[in-house]
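Engineer: Here this note's numbering = 1-based position in the sequence shown + 535.
Please see the structure below; I have some questions.
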Amino acid sequence: MPTPLPPIPGTTPFDGTQARKGYALNKMCFSFNHAANRAAFAADEEAYMQQYGLNEQQAAAIRARNVLQLIAAGGNAYYLAKFAGIFGLDMQDIGAQQTGMTKDEFKARLVAAGR
């Protein structure tokens, strides 16, 4: 068995444990490849989450529209990217979540950094 890597503060590595933990969530995210599934989710989020057997941590993270909580609940960043469009989030929203800032604060930080 490989030696576990030391933890990186403020991160949630996506490893085998996280993959198993987030299987239902990631399977649901994969379903959003089809427009009909995105529409079904938008029409009744709770029923759609139940259809995939999401646990309460995963469902609460979806209700909160919080990408970091979704990652902590086992979400894979590549699958979770599909939620950005459904939730109406852009990369600045996600960057703000990651840094603990408001979106306006994050945008001001980007402008100050010349980005």
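Cβ coordinates follow ideal geometry from the N, Cα and C atoms, glycine included.
1. Taking C-beta to C-beta, are Phe-622 and Arg-600 nearer than 8 Å?
2. By the DSSP assignment, the alpha helix (DSSP H) with Gly-551 in it spans what residues?
3. With 16 as the cutoff for other CB atoms within 10 Å, does Leu-615 come out buried or exposed?
4. Please list the terminal residues of the continuous alpha helix (DSSP H) segment that includes Leu-624.
5. Check whether the region 635-648 touches the region 587-601, taking contact to mean three or more Cβ pairs, one atom from each stretch, closer than 8 Å.
Structural biologist: The structure says:
1. In the sequence shown, residue 622 corresponds to position 87, counting from 1. In the sequence shown, residue 600 corresponds to position 65, counting from 1. Going by C-beta atoms, Phe-622 is nearer than 8 Å to Arg-600.
2. As a first step, residue 551 must be located in the sequence shown, where it is residue number 16. Looking at the DSSP string, the run of the alpha helix (DSSP H) that includes Gly-551 is 551-556.
3. Position 80 of the sequence shown, counting from 1, holds the residue named residue 615. Result: buried.
4. Numbered from 1 along the sequence shown, position 89 holds the residue referred to as residue 624. First-last for Leu-624: undefined, no H or E at that position.
5. The answer is no - the region 587-601 does not touch the region 635-648, with fewer than three Cβ pairs under 8 Å.
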